[in-house]
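The structure appears below as structure tokens.
Number of protein chains: 2
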Amino acid sequence: MPPDMSTEPVVPQPARRFDEGERQVLYDIINARRDVRNAFRPDPIDPAALRRILAAAHAAPSVGFMQPWDFLLIRDPDLRAGVHAAFLRANAEAEEMFEGDRKALYRSLKLEGILTSPLNICVTCDRTRGGKVVLGRTHNTDMDLYSTVCAVQNLWLAARAEGVGIGWVSIFRPDDLRGLLGIPDHVEIVAYLCAGYVDELYAKPELEARGWRKRLALESVIHHDGWPAPGPKPG
Amino acid sequence: MPPDMSTEPVVPQPARRFDEGERQVLYDIINARRDVRNAFRPDPIDPAALRRILAAAHAAPSVGFMQPWDFLLIRDPDLRAGVHAAFLRANAEAEEMFEGDRKALYRSLKLEGILTSPLNICVTCDRTRGGKVVLGRTHNTDMDLYSTVCAVQNLWLAARAEGVGIGWVSIFRPDDLRGLLGIPDHVEIVAYLCAGYVDELYAKPELEARGWRKRLALESVIHHDGWPAPGPKPG
């Protein structure tokens, strides 16, 4: 153990208890979180709130305490115009992959707020951070990407609590964004987020409300002591 | 749009505001969350609490509203002995990848609670759910895995609020668990979690407290309008 740790005893502390009302706050935030694509207010996010949101992301778990994430705050109009163009190119390809009614419904959906939100956040994963051998990543090499996603979900919940909507844009060719943002090869783009205050939200996920896909019953995704025997499965 | 949606107007609602005290509850839960490897209490998790925890996971965002996750609740002692053996095999390989002081420190760490926690939860991602073409996954094919990780992070925070510790075990060969749990090829194992009530927790991540790796400064992972120019970077 490094000498500088010798003064710090590693002893567990009594775990804080959260009462029923506190638990309910968490559940309310989790259930009120939405993927926001429109109706972003144009006013900038309060810097103190933004810092709290990013601190929540930075408090996520990470494999081997790697903390592999970076948060690129994108406000520059030219950069965002470039990202928007990359979305439009990919989305034109995407809509051709759907047929009939699904294609019409797909076309009717607004899938990003890159230019209308006051802030975009590109969340990346530096795959080299912490060296070649990372504790906990020795046999499952994507664990650092998963750690970064944990940071995204913390960010998303914190944003919701602060009145800030988040929309995760995934329809682009990663190399297009890599070029625009100067992201090196050893760093992977995990999430491209649009962020801004919102006054209104949908009560349900928009894709559920618009009939794209139904909510699965919770019971259908819970199984005991292994994968379920073949039979009816969630669609 | 399917006819059964015609009676349901898709209109946004006023977004609930969370006050400063409510936001602080979320931040307290986020900051008190730990990766737990030991000191699990043996008593079973209250079924109502477990259901709330899994419901929080199921409320996670998912690409194309795919909800690709399943939760395998593992209590069977033989299955868990098999998973533990798979961990031991992989961990013996892992410790050989570290050298000198790091190897000694690695060996001193307890990295799982597979047998001592009352419940294991294997969280999987069904890559075929929702069909071949999934909205939002057309250009970034790992989005369904990332959705599943969002569910894991929701689960972890909900567990913390319920007094339940979670430890994410990632040191195993996935095919070993696939065989033990009967998980088919089209389903990917995203997380293997140990779960149980905890009375005490470390104030900091254990790897930080034990000197494995330092906490990065938040400022060092925030950048503006693109990847930073070459220079000192987080280690």
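Chains as they are written, first to last, in full-length UniProt numbering: chain A, 1 to 235; chain H, 1 to 235.
Backbone N, C-alpha and C fix where the C-beta goes; we use that ideal spot for every residue, glycine too.
{"Item": "Option nearest A/V198 by Cα separation, candidates A/F87, A/P77, A/P118", "Value": "A/P118"}
{"Item": "Bounding residues of the beta strand (DSSP E) (the contiguous stretch that carries H/V10)", "Value": "Run containing H/V10: none; DSSP gives neither H nor E here."}
{"Item": "Test: A/T7 CB closer than 8 Å to a CB of chain H", "Value": "Any reading at A/T7 is ruled out, since the residue's pLDDT is 48, under 50, leaving its predicted position unreliable."}
{"Item": "Per-residue burial, A/D126 [other beta carbons within 10 Å of its own, 16 or more giving buried]", "Value": "buried"}
{"Item": "Positions along the segment 51-70 of chain A whose CB lies within less than 8 Å of some CB in chain H", "Value": "R51, R52, L54, A55, A56, H58, A59, A60, P61, V63, G64, F65, M66, Q67, W69, D70"}
{"Item": "DSSP bridge partner residues for A/A191 (one or two, in chain order)", "Value": "A/V123"}
{"Item": "Segment contact, 8 Å Cβ cut-off, at least three pairs: the segment 158-174 of chain A with the segment 99-117 of chain A", "Value": "yes"}
{"Item": "Residue range of the unbroken alpha helix (DSSP H) whose run includes A/H84", "Value": "77-95"}
{"Item": "Nearest candidate by alpha-carbon position, reference A/A92, set A/R80, A/R107, A/V83, A/E99", "Value": "A/R107"}
{"Item": "Cβ neighbours of A/I29 in the same chain (closer than 6 Å, five flanking residues each side left out)", "Value": "L157, R160, A161"}
{"Item": "Within-8 Å CB hit, A/I183 to chain H", "Value": "yes"}
{"Item": "Residues that H/W69 bridges to, as DSSP identifies them", "Value": "H/C125"}
{"Item": "CB contact check: H/E112 to chain A, cutoff 8 Å", "Value": "no"}
{"Item": "CB-CB length for H/L79 against A/G226, believed under 8 Å", "Value": "7 Å"}
{"Item": "Range covered by the beta strand (DSSP E) that runs through H/H186", "Value": "H/H186 -> no beta strand (DSSP E), and no H or E assigned at all."}
{"Item": "Proximity of A/L218 and H/H58 at Cβ, strictly below 8 Å", "Value": "yes"}
{"Item": "Touch test, the segment 179-190 of chain A against the segment 66-81 of chain A, Cβ-Cβ under 8 Å, three pairs minimum", "Value": "yes"}
{"Item": "Spatial neighbours of H/A56 in its chain, beta-carbon cut-off 8 Å, leaving aside the 5 residues before and after", "Value": "N154, L155, L157, A158"}
{"Item": "Helix, strand or coil at A/P146 [DSSP, three-state]", "Value": "Here the sequence assigns Tyr to residue 146 of chain A, which means Pro is not the residue at that position. Looking at A/Y146 - three-state DSSP - the assignment turns out to be helix."}
{"Item": "6 Å Cβ shell around residue 236 of chain A - same chain, five flanking residues per side excluded", "Value": "Residue 236 of chain A is absent from the structure shown; chain A starts at 1 and stops at 235."}
{"Item": "Interface flag, H/H139 vs chain A, CB-CB below 8 Å", "Value": "yes"}
{"Item": "DSSP bridge partner residues for H/Y197 (one or two, in chain order)", "Value": "H/V164"}
{"Item": "The segment 205-229 of chain A: positions lying closer than 8 Å to chain H by Cβ", "Value": "P205, E206, L207, E208, A209, R210, G211, W212, R213, R215, L216, L218, V221, I222, H223, H224, D225, G226, W227"}
{"Item": "Own chain residues within Cβ distance below 8 Å of H/A32, not counting five before or after", "Value": "R160, L201"}
{"Item": "For A/V169, the three-state DSSP class (helix, strand or coil)", "Value": "strand"}
{"Item": "Residues that H/I53 bridges to, as DSSP identifies them", "Value": "None, per the DSSP bridge assignment."}
{"Item": "Endpoints, alpha helix (DSSP H) assigned at A/I30", "Value": "20-32"}
{"Item": "Host beta strand (DSSP E) of A/P45 (start-end)", "Value": "Per the sequence shown, residue 45 of chain A should be read as Ile rather than Pro. Careful: A/I45 lies outside any beta strand (DSSP E) and carries neither H nor E."}
{"Item": "Inter-residue Cα distance where the pair is A/K132 and H/D19", "Value": "44 Å"}
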